[in-house]
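Chains as they are written, first to last, in my numbering: chain A, 1 to 622; chain B, 1 to 622.
Here it is in structure tokens:
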């Protein structure tokens, strides 16, 4: 016997990725995560200061609560086994669930291919002015001496009283040479010309699941940094309806959701600013896109009537706010502008897509499909703009798919049918831990192609048809509603899980793709067009760039057009927010688009229901 | 001997009125003041709660400090013998100085004769709307359903986010019948149509000495109430220069003066609201006039460069503020608008006079003279608008006059030369306690008329000329610089003081009236006019209505025009603020006036100095 026993090795498994690692007992969960290749959000560097690395202990023995944890966790969280990964230590084998806020989002969400080159005409302007010193012959006020020469260029200018309070001193500090910053026609800052402030703006896309910020240099139009984080409101439910419910059934529920929205916006901007040592107070303007519900929650507007027929927003106009109105960190005299929405379920994100894709400038018909947590479809006929929304997104985001996950290392992102078997690829070539959106499309297409699923959406029922390759037939498993197809057996170490696509998953995919396709068909019919008339189909949304167009056509979500007419356009909503930030002309066009758009409310339409019954089926196998 | 001695009677004298009263020892100073006919400002009813009834103990024995007093008085005030009249008790004979904040102002300051009948077009509008309920066929947002029918009348309307927050509930509370309140094009309130809020506005004139508020019904244009109070900034000095000095030489001096300005504005509005049980939150807009310095202090703008050549204001444009910007009590989404100024010493009060008198609409030349704590002169030539300021006011307000006082009961307000003697009249026919502005003009004119003072401003030097009535000659007193003329021997009880006008007073009057007249002459010359060309001379300012035009001409402050061309127009600056509150057209005209006006800076002009040397003298005795 020895005085000091060998350190006990324990196994820590992380969910939802399923990764696990063997570490000495007493290892911090954050260190275990690092070794397991699970990226945690540790803005404070793992010092128990920020409380972001929340995890839930599913099973196993963990160290007692540390003081820092008590400061960050609520009673309810403690009761549910929530801990901070940077404080809690694994004492025995355990299973740990990494909460959305604790996960790091990869840059795959952040593409904004559609930021067109536009004339830089931001609403924020900085002028370097050498002001004439006053005299008995020129007794103009400080403000007049500053702006009299600018107004012929800019139109009438006004002073905010707080900027005027600093004007006399700033004007005389540097020999009457100043840098004057205006938001719209309002003077918000006067600094000595020798130390001008940076002139930054933030474009923010508040998604139901993910919040993305782009910090832009408004003098050059350059994108300085971008960052993303999970929307912490997700703890009240993945979809907008459960958040609306939370806001109406809980005292201060709306205030809570508003604060969460503001907090995550502040967080993503802070992360982005950190990448180039930027400062909040140099952000003079923020443009915001999001679906109508997300914008309502961010602005603290009552979303109650969004969730019930006839689905009425409080306002569809642009919402202009001060930083104090919504609790965001930026220049105190800066302005927040939420882009206009079209309807209760066609939000500023869709307006952003239409703007970024410049759809209404085109002469040929074009269709945009934005698949996020909800699905929106916009059709420009060449003359008319029609939009509709449908419940589509969650399945494609992996939410209602048994082994679904977000696009992160180890996610199956591609599935193909090669040499009589399925061939999978994962993000970063890591061992497979789940399947993300693009993988779901491919897997479904491959099941159809291989005959493992029929056009009605029925998987093979264990009975392998004659002639099916052995490689394929060994993937079939289960009976009846439990039927499933094995996609991957990889994983990491002992206890690695098989990744399947199940019969239930196929039904979810049918519902989702059927709804999107039915919306497309109703819009085409309303415009008197057919799919052949479409010059292009644009796929927007976080994974619009990653979907294989052939798979989208194969499963019937998109009509059967030549594949070169289908184009992924990345986070086009975010691109719209950027354009509206960089150019007031583009911002004005966003309002025109929202006015111009005709919203088709599908929920009450018989033709939608009829079409949906058809589009739920898969196209006949080739 | 008795156990309980008779209550000792003590004499309490109040300054500056000089009134005194005999009361039992132990009487509260506020009760003594009431018996002496000295009106104190006791908003809290004399319960030690508001701290307004500050008095200074000049001499005598007073009770020890009560707890309530300690709560209200600063260390500095306690060191200077400041007490609350409602707490302190007279234990022996004493002399008490009533501070300006403690005095009550009579309604004589509040005339606003010039409020013209204008088309009621306030910036605040209330609409009673029956909004169509939403349906699947009409999915317009709540805000759109509210404003779509209004915009053809009003132009584009926007929602403030805080008003939008209450919109869905308000809209559905009363069967979609609402009262919507807009300030400018901003929705600020939505109430059920059955309980519409009052729609009030406040016009405020922030004078160096007196602050006046007019509370108006913006739906009818009716003046609901008015109130006035002394400007508490007076404790830092009676003139604007000493306040500017205070703001620059004391840490937080500007913040202190700003707060005092906001406090007194809140106070006068509260008094006015109290007269009809009105509420602060129903005041949606406030227009403010004041001289340039008062407006700077109210807006918290640095007045430093106003006080030094070349006398530059921070801004001459209208200053638009939120209630929070300046700390005033009104509807939280209401707006404050300070009217534009012309120059460092020609403020929005002068703009208000020119607007109220509608000078620039006239075809004949017209002159306006505004005598407050400073003097401003405006000349409309029929084509051009010229303005100038001069140091004139304090003497006429009684400040630099030995027995001078504000227009209050007991002030000598008129002096005439009847039957070979001076005949005086006092306000409210009370025993004379001092002399106010109109009395100073009359007294000076009478001294000249009677030969007791020569055109050079020399009083008779004790040597009574032959033929002078005995009544007059017995009024002469003193020698050399101590020469003086007895105006009144009245007073109240023992120790009543004689009221004199002194040689030094005459010199002060010469300087003041000479400056005003010189300004008039320079303006006339600049416009190529003479006094004969003037269709009218308007006398504005608190006592413009009370000056005898004949006296103003007799002492040479005004040119010798037929007396029916001279008209007192009361508080025309306040009338201008009212007009700007009732009509955005009039408000726009105020800005035009400020732009249009040519300011003549007299301080550097040789012709002003030359003219002043002449105009300091009195016209030759008739």
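Every residue, glycine too, gets a C-beta built ideally from N, C-alpha and C.
Residue i versus residue j: straight-line alpha-carbon distance, rounded
{"i": "residue 33 of chain B", "j": "residue 39 of chain B", "result": "7 Å"}
{"i": "residue 549 of chain A", "j": "residue 375 of chain A", "result": "17 Å"}
{"i": "residue 436 of chain B", "j": "residue 552 of chain B", "result": "14 Å"}
{"i": "residue 315 of chain B", "j": "residue 520 of chain B", "result": "26 Å"}
{"i": "residue 80 of chain B", "j": "residue 232 of chain B", "result": "17 Å"}
{"i": "residue 49 of chain A", "j": "residue 65 of chain A", "result": "15 Å"}
{"i": "residue 507 of chain A", "j": "residue 264 of chain A", "result": "34 Å"}
{"i": "residue 53 of chain B", "j": "residue 76 of chain B", "result": "17 Å"}
{"i": "residue 428 of chain A", "j": "residue 415 of chain A", "result": "15 Å"}
{"i": "residue 473 of chain A", "j": "residue 518 of chain A", "result": "33 Å"}
{"i": "residue 582 of chain B", "j": "residue 272 of chain B", "result": "18 Å"}
From the options, residue whose alpha carbon lies closest to that of residue i
{"i": "residue 384 of chain A", "options": "A:600, A:54, A:135", "result": "A:600"}
{"i": "residue 204 of chain B", "options": "B:129, B:287, B:247, B:223", "result": "B:287"}
{"i": "residue 440 of chain A", "options": "A:402, A:473, A:177", "result": "A:402"}
{"i": "residue 574 of chain B", "options": "B:352, B:230, B:547", "result": "B:352"}
{"i": "residue 523 of chain A", "options": "A:380, A:273, A:364", "result": "A:380"}
{"i": "residue 346 of chain A", "options": "A:445, A:240, A:330", "result": "A:240"}
{"i": "residue 177 of chain B", "options": "B:389, B:165, B:210, B:131", "result": "B:131"}
{"i": "residue 228 of chain A", "options": "A:212, A:235, A:31, A:216", "result": "A:212"}
{"i": "residue 216 of chain A", "options": "A:225, A:209, A:210", "result": "A:225"}
{"i": "residue 155 of chain A", "options": "A:128, A:134, A:187", "result": "A:187"}
{"i": "residue 292 of chain A", "options": "A:244, A:277, A:326", "result": "A:244"}
{"i": "residue 603 of chain A", "options": "A:446, A:390, A:29", "result": "A:390"}
{"i": "residue 614 of chain A", "options": "A:478, A:528, A:457, A:594", "result": "A:457"}
Residue i - containing alpha helix (DSSP H), residue span
{"i": "residue 154 of chain A", "result": "151 to 154"}
{"i": "residue 168 of chain A", "result": "161 to 173"}
{"i": "residue 549 of chain A", "result": "549 to 554"}
{"i": "residue 489 of chain B", "result": "Here residue 489 of chain B belongs to no alpha helix (DSSP H), and DSSP marks it neither H nor E."}
{"i": "residue 520 of chain B", "result": "503 to 527"}
{"i": "residue 230 of chain B", "result": "Where residue 230 of chain B is concerned, there is no enclosing alpha helix (DSSP H), although the beta strand (DSSP E) it sits in stretches over 223 to 230."}
{"i": "residue 246 of chain B", "result": "240 to 249"}
{"i": "residue 72 of chain B", "result": "67 to 72"}
{"i": "residue 274 of chain B", "result": "253 to 274"}
{"i": "residue 614 of chain B", "result": "606 to 615"}
{"i": "residue 326 of chain B", "result": "323 to 326"}
Where the beta strand (DSSP E) containing residue i begins and where it ends
{"i": "residue 216 of chain B", "result": "210 to 217"}
{"i": "residue 624 of chain B", "result": "One cannot answer for residue 624 of chain B here, as it falls past the ends of chain B, which runs 1 to 622."}
{"i": "residue 85 of chain A", "result": "No beta strand (DSSP E) holds residue 85 of chain A; DSSP gives it neither H nor E."}
heavy atom of the ligand HEM below 8 Å from residue i C-beta
{"i": "residue 155 of chain A", "result": "This structure lacks the ligand HEM; in fact it carries no ligand of any kind."}
- request: Quick one: which residues of the segment 297 to 324 of chain A get their C-beta closer than 8 Å to a C-beta of chain B? List them in chain order.
  value: 299, 300, 301, 302, 304, 305, 309, 310, 311, 312, 313, 314, 315, 316, 317, 319, 320, 321
- request: Check each residue of the segment 586 to 613 of chain A: if its Cβ is closer than 9 Å to any Cβ of chain B, include it; give the result in chain order.
  value: 599, 601, 603, 604
- request: Report yes or no: do three or more beta-carbon pairs, one from the segment 221 to 236 of chain B and one from the segment 351 to 371 of chain B, lie closer than 8 Å?
  value: Judged by Cβ distances under 8 Å, the segment 221 to 236 of chain B makes no contact with the segment 351 to 371 of chain B, as fewer than three pairs qualify.
task: Examine the Cβ distances between the segment 142 to 152 of chain A and the segment 601 to 610 of chain A and report whether three or more of them are shorter than 8 Å.
output: Contact between the segment 142 to 152 of chain A and the segment 601 to 610 of chain A is absent: fewer than 3 CB-CB pairs across the two stretches fall below 8 Å.
query: Just by C-beta distance, which residues in the segment 44 to 60 of chain B are closer than 8 Å to chain A?
result: none
message: Counting only Cβ-Cβ distances shorter than 9 Å, please list the residues of the segment 341 to 366 of chain A near chain B, keeping chain order.
response: 341, 343, 344
- prompt: Are the segment 158 to 171 of chain A and the segment 289 to 308 of chain B in contact at 8 Å, needing three or more beta carbon pairs?
  reply: yes
task: Pull out every residue of the segment 160 to 171 of chain B whose Cβ sits closer than 8 Å to any Cβ of chain A, in chain order.
output: 161, 162, 164, 165, 167, 168, 169
- prompt: Is the number of C-beta pairs between the segment 532 to 544 of chain B and the segment 358 to 368 of chain B that are closer than 8 Å three or more?
  reply: Under the three-pair Cβ rule at 8 Å, the segment 532 to 544 of chain B counts as touching the segment 358 to 368 of chain B.
field: Given 8 Å, three or more beta-carbon pairs between the segment 329 to 339 of chain B and the segment 275 to 282 of chain B
entry: yes
- prompt: Name the residues in the segment 135 to 146 of chain A whose C-beta lies less than 9 Å from a C-beta of chain B; which are they?
  reply: Listed in sequence order: 135, 136, 137, 138, 139, 140, 141, 142, 143, 144, 145.
task: Determine contact between the segment 582 to 602 of chain A and the segment 556 to 570 of chain A, defined as no fewer than three beta-carbon pairs at a distance below 8 Å.
output: no
- request: Taking a Cβ distance cut-off of 8 Å, strictly less, list which residues of the segment 245 to 261 of chain A are near chain B, in chain order.
  value: Of all residues in the segment 245 to 261 of chain A, none has a C-beta nearer than 8 Å to a C-beta of chain B.
message: Closer than 8 Å is the cut-off here; do at least three beta carbon pairs connect the segment 332 to 341 of chain B with the segment 306 to 321 of chain B?
response: yes
query: Got a sec: which bits of the segment 229 to 243 of chain A sit with their beta carbon under 8 Å from any beta carbon on chain B, in order along the chain?
result: none
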